[in-house]
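Chains as they are written, first to last, in our numbering: chain A, 57 to 389; chain B, 943 to 1499.
Right, dumping it as C-alpha cells:
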C-alpha cells in the first residue's frame, strides 16, 4: 500500500513538472506564430507589406497577457481539458485536430510496436538459446544490418523501390485521395495498403533493439545456477529455454515495451513525414514549425501523460511480475 | 510543414532531400524507357494541380480572405482584374476596364451579365460590399488596401476608388481583391473565422466535393466565359509536406501542373515522359546581399560598390540554382520580364561583371587597402557576417560562394545559419550585419522599388519592419518614388522608373546577385497552353491568382 502511495505521489509530481516544462519550452523557441506565418509567405516568394503583417497578426491567435497569467490560464485550461483553437488555423479546435490524427498513429505505430516486440523478443530468445551457433550469427547480423538504418532513410529506400519504381504501394498518404475516413471494409483495406510501407519501415528498423535486449539477458540468465540445475535435472530443452530462462530474461524487455507503448502516441515524426502519413508525428512537426503554441502544448501533454501513465502501469505490473520489487520498495531493473 | 496555401516547394534541405535527389538522378538515368507512361490517346479533361500541403490532412476553408484558405478558392472567386506577375499587364475579370481620372481617383467599369454560382446577378453593390467588409474587419485586409484607399463608391456599372494620396501602381493591389457576394456574406457574423464551406462565387469553378486528402472543383457552366474553360474538373490532392516524397509524386506523373525545384530537371522530370513533360523556370524575384546601412562601414557607397564588383554573379547563380536562372541586373528590374521599363542608357543592361581591379579602386576610395591579402583600414581587417535561414539551401549555396569570392577580396566573411524565425527577427529588427534576402518579384517596378527603398519603412534599429531591411534613406529617392506613384501615362512612368534604376545601379542599396526562379512543371498530356518562354503571360505559380490566368488559357491537348 505504501508502495502504491509513493508511486501515485511521484506520478503527480512528474506530471506537474512535465506540464510546466511543456509550457516553458515552446516559449523559449526564437520567433513567434507571426514570424512563422511570414516565413511561409516569404518561402512562396510573395511580397510582404506592413499592412499584410497587421492583417495576419489579427487573423492569427497569439499569446497575450503576462507570462504568469498565461501560465495560470494554461493550468486551469488543462484541468478543465480545454485546449482552445489552433493559432495557425483559428477555425480549428486543437482537440479535433488531435482527434483526427491520433487514430492513425495509434494503429500504425501501436501495431508495429507490438509486432516488433513479439517478433524481436522471440528471435532474441532463440538466438540467445542457440548462442554462438549459426542461427545466432544469422539473426544478430541481420538485426544489426537493419538496425543500423536510420528509419527515414530506410523509408525512402522502400518508397523509391516498392512505391515509385515497382508501383506496388502508394507513394504517400494514409488513404487514397478523395476518400473520407469511415469504417467500411473498402476504406479499411485502402488504409491498410497505405500503411504497409511505413509499418514495415518502423517494424524492421526497431526490431534489432528487441532482438539484442532479449538475446543478451537470455545469455546472462542461461548462466544462472537454476538454469544449470534445470538442465542437469534433465528437463526438456524447450521447458528450460522458455519456462526458466526466457521467462526471467523477459523482464527488462517488458519495461522497454511499456516505455515504447507510451511513446506510440508521439508517433514517429520522421517516418510519418516521409510517407505523408496523417498521424500525430506530422501534426507535431507542423505545430512546432508554425509556433502553434496551443496545438504544441496539447500534443506534448497527450504524449507526456500517456508516457507517464504507461510507466505507472508498468511499475504496478512489476509488483506482480517480480515479487522482489515489492519487497525492496521499487528498484525496477 | 506549413499549411496556409502557398506551398511552393522552396528548396528546403530536409535531411532526406539530398537522398531523394540522388535517387531521382538514378531514376532519370535508368527509368526513362521502362516506366514512362505512353499517351493512351485523347487524354483526360480533368486537371490535376499540385496544391495545398495537407499535414496531416486538409482543413476545409474557402474563405478568400483567410491566410489558411485552400488554393482552389482562387478558381471560385474572381477579382476585378489580374496583373501578370511577369510584367504587370492586366487581364480583366469582373471589370472590363480601369482608368485613373486623376492620380487619386480610379474608376472600374464592371462586366455585364455576370452571375454568381447560385444564379443571382453580380453588381457593383457586391464590389462596394466587399471593400467595406475589408474596412470593417482589418484582419481580412491582407493586402492592406485600406492603408491607401479613402473611399469606394458604386454607381450603375462603375465603381470609383478614391485614394488618400496619389498611388497609381497600387491599382494592381486593389484590382486583385477577390469579390464576394453581398447576399451570401452580409449575414456572416464573423467573417474572420468563417470557413465558407459552401462557396458562392463568380469564378470558372465551383466546389464539387471535399475530403481530407483531396478536394474537387467542377466547371461552373454558367460562368461568363464558360466557352473558354476547357477542363471540366480540377483535382487538388493534398501534397505531402516532405520534399522528397513530393518530388517522387511529381516525377511519377501524378500532376498536370506542379511547382517544384527539381535538381537536374531534364533527367528527373522531362526524360520520364519526353513526349509530354515540360518545364518553365522564369525569374520570379531577385536574390541579393543586404548590407545593414545603419553600420558606418556599409554607409560608404564606395565600399558597397567594391563588394558588388568583387562578385562573380554567374558562378553564384550556377552554385545556387543549377544555373536555371541568370545573374541579376543591378537596375532592380527582373529581366527579361520587365524589359520595357529598362533604362537604355544602362551599360550591359545593368549586369555588372566581376572586376577585381575596379573593386580594389572602389575599396581604396572608401579608405580600405589590400595588405597581405587582407582588406585593411586603421589596422583592422574588414569583416562581414551574413545571415540566412538554414533550410534555404540555394541561399546557403550562394552565400558560400560569396564568402569565397569576398575572401579573395580580403574580407573575412562568416556565415550565420539560424532557423527562419530567428532570421526574420534579425533582419526585421535591423540587428543583422549582412543578410541574404529576396527583392522584388511583384511584376510592378514601383512596388519593387518602393518596398526596397522607401524611407518610411526604414525604421530605427530594434523597431521591426518587413520592407527596406537594409534601411536605405534618401529624400531624393522618396521624391522619385512619389513622382512615379503619381504618373498616369507611360512616358512619365518610364522616366520616373529610369531615375530609380539609376539609384539602384549607382548607389547599390542592395547588392543584387541572381534571379530566384519560379519552378513550373507541366504535362501536355491532357492540356496545352501553359505559360512558357514564348508565351509568358504569367509566372507558373499555382498558389496565387496566376492559376486563374492559366486555367483560362488552357486548351485541350
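A virtual CB, placed ideally from N, CA and C, is assigned to each residue, including glycine.
Between residue 1171(B) and chain A, the shortest Cβ-Cβ separation is not below 8 Å. Contact annotation: residue 1227(B) and residue 1380(B) have beta-carbon atoms nearer than 8 Å.
If you look at residue 1151(B), you'll find it isn't in any alpha helix (DSSP H); it sits in the beta strand (DSSP E) that goes 1147 to 1153. Contact annotation: residue 1469(B) and residue 1428(B) have beta-carbon atoms that are not nearer than 8 Å. Within its own chain, the residues whose Cβ lies closer than 7 Å to the Cβ of residue 316(A), once the five positions on either side in sequence are excluded, are 169, listed in chain order. Excluding residues up to 5 positions away in sequence, 314, 317 and 318 lie with their Cβ nearer than 6 Å to the Cβ of residue 366(A) in the same chain. Within the stretch 1065 to 1085 of chain B, 1080, 1081, 1082, 1083, 1084 and 1085 place their CB atoms closer than 8 Å to a CB of chain A, listed in sequence order. Residue environment analysis places residue 77(A) among the exposed positions, since fewer than 16 neighbouring C-beta atoms fall within 10 angstroms of its C-beta. Interface with chain A (8 Å Cβ-Cβ cutoff): residue 1108(B) is excluded. Contact annotation for residue 114(A) against chain B: 1080, 1081 and 1134 [CB-CB distance below 8 Å, chain order]. Here residue 245(A) is exposed. Its C-beta has fewer than 16 other C-beta atoms within 10 Å. With at least 16 other beta carbons inside 10 angstroms of its own, residue 1218(B) counts as buried. The three-state reading of DSSP puts residue 240(A) in coil, since its state is none of H, G, I, E or B.
DSSP places residue 1193(B) inside the alpha helix (DSSP H), whose first and last residues are 1185 to 1193. If you draw a straight line from the Cα of residue 212(A) to the Cα of residue 330(A), it is about 7 Å long. DSSP, read as helix, strand or coil, puts residue 1222(B) in strand. If you draw a straight line from the Cα of residue 1358(B) to the Cα of residue 1462(B), it comes to about 31 Å. DSSP assignment within the stretch 1342 to 1420 of chain B yields the following whole alpha helix (DSSP H) runs of 4 residues or more, N-terminal first: 1362 to 1371 and 1387 to 1395. One thing to note: residue 1234(B) has its Cβ within 8 Å of the Cβ of residue 1375(B). At a cut-off of 8 Å between C-beta atoms, residue 1154(B) counts as an interface residue with respect to chain A. About 6 Å separates the beta carbon of residue 1229(B) from that of residue 1455(B), a gap short enough to meet the 8 Å contact definition. Proximity of chain A to residue 1179(B) at the Cβ level (cut-off 9 Å) is accounted for by 229, 233 and 234, in chain order.
Residue contact with chain B for residue 145(A): present (Cβ-Cβ distance below 8 Å to some residue of chain B). Assignment of residue 1475(B) by DSSP, reduced to helix, strand and coil, places it in the coil class. Distances from the alpha-carbon of residue 1145(B) to those of 1474(B), 1264(B), 1004(B) and 1310(B) put 1004(B) closest.
For residue 1034(B), the enclosing beta strand (DSSP E) stretches over residues 1032 to 1034. The residue from 1148(B), 1202(B), 1120(B) and 1057(B) with its alpha-carbon nearest to that of residue 1458(B) is 1202(B). Ranked by Cα distance from residue 1181(B), the first of 223(A), 343(A) and 234(A) is 234(A). Counting only residues of its own chain and dropping the five nearest sequence neighbours on each side, residue 1017(B) has a CB closer than 8 Å to the CB of 1145, 1146, 1147, 1159, 1176, 1489, 1490 and 1493. For residue 1446(B), the secondary structure class from DSSP, reduced to helix, strand or coil, is helix.
Rounded to the nearest whole angstrom, the CA to CA distance from residue 1205(B) to residue 1265(B) is 10 Å. Beta-bridge analysis with DSSP links residue 1025(B) to 1032(B). Against chain A, a Cβ distance below 7 Å from residue 1091(B) picks out nothing, because the smallest value is about 11 Å. Note on geometry: alpha-carbon atoms of residue 134(A) and residue 202(A) lie some 41 Å from one another.
The C-alpha of residue 1333(B) is placed about 37 Å away from the C-alpha of residue 1441(B).
Residue 290(A) sits in coil when the DSSP states are folded into three classes, being neither helix nor strand.
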